[in-house]
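Okay, structure first, notes after.
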């Protein structure tokens, strides 16, 4: 895909993500695509990727994100986002807290043809768990 095609692809993906449409989101990935993320680890194949989206939206039914920066180089893209959500469902074995989180996240994509072949997500797990009230931190000062 060209730079413009990747930019348009990710704009459409953003709209789909805001609708929490797991079935449509998984179609953005190759059948044997992979995703690496701090919470879900390494997953491969559309079935596992679909479960990841569904679990996230079930845990955070009001989750939203805004793209802050998009960098595209050849068949690779880095998307820096700001995400928010309220934990209303079970999340990684944790009961719902009803608390909100806000985080910045980076998605690194590698494309093959017109699909995502590989995605790596980078974000602050500890920060999210602190905001959800699962972890407590002592003041540093």
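In the working numbering, the protein residues as written are 285 to 425. C-beta: ideal position from N, C-alpha, C; glycine also. Predicted model only: the values in this text are computed from it and were never measured.
Within this structure, are the beta carbons of residue 333 and residue 350 separated by less than 8 Å?
-> As a first step, residue 333 is located in the chain shown; it is residue number 49 there, counting from the start. As a first step, residue 350 is located in the chain shown; it is residue number 66 there, counting from the start. Their beta carbons are not under 8 Å apart, which means residue 333 does not touch residue 350 by this criterion.
Sort 315, 341, 298, 302 by Cα distance to residue 396 and report the nearest one.
-> As a working note, residue 396 is residue 112 in the chain shown. Proximity to residue 396 across 315, 341, 298, 302 peaks at 315, based on C-alpha coordinates.
Mind reading off the beta-carbon distance from residue 300 to residue 308? Whole number of angstroms is fine, and I expect it under 8 Å.
-> On the chain shown, position 16 is the one that residue 300 refers to. On the chain shown, position 24 is the one that residue 308 refers to. At roughly 5 Å, the Cβ-Cβ gap stays under 8 Å, so residue 300 and residue 308 are in contact.
Neighbourhood of residue 390 by C-beta distance below 8 Å, restricted to the same chain and skipping five residues each side = Counted from its first residue, the chain shown places residue 390 at position 106. 362, 363, 364, 365, 405, 406, 407.
Among the residues of its own chain, which have a CB less than 7 Å from the CB of residue 273, if the five just before and after it don't count?
-> Outside the shown range of the chain (285 to 425) lies residue 273, about which nothing can therefore be said.
Quick one, which of 400, 335, 358, 360 has its alpha-carbon nearest residue 376's?
-> Mapped onto the chain shown, residue 376 falls at position 92. Selection 400, 335, 358, 360 evaluated against residue 376 yields 335 as nearest (Cα-Cα).
Spatial neighbours of residue 383 in its chain, beta-carbon cut-off 8 Å, leaving aside the 5 residues before and after | Mapped onto the chain shown, residue 383 falls at position 99. Contacts found: 370, 371, 415, 416, 417.
Which one or two residues does DSSP pair with residue 403 in a beta bridge?
-> Your numbering for residue 403 matches position 119 in the chain shown. Partner(s): 319, 393.
Quick one: grab the DSSP three-state call for residue 348.
-> Residue mapping note: residue 348 aligns to position 64 of the chain shown, counting from 1. Strand.
Mark residue 326 as exposed unless 16 or more other C-beta atoms lie within 10 angstroms of its C-beta, in which case mark it buried.
-> As a first step, residue 326 must be located in the chain shown, where it is residue number 42. Flag for residue 326 reads exposed.
Neighbour-count burial assignment, residue 353, 16 or more Cβ in a 10 Å radius | Taking the first residue of the chain shown as position 1, residue 353 is located at position 69. Answer is exposed; the Cβ neighbour count stays below 16.
Is residue 427 buried or exposed, if buried means 16 or more other CB atoms sit within 10 Å of its CB?
-> No information on residue 427 is available, as it lies outside the stretch 285 to 425 that the chain covers here.
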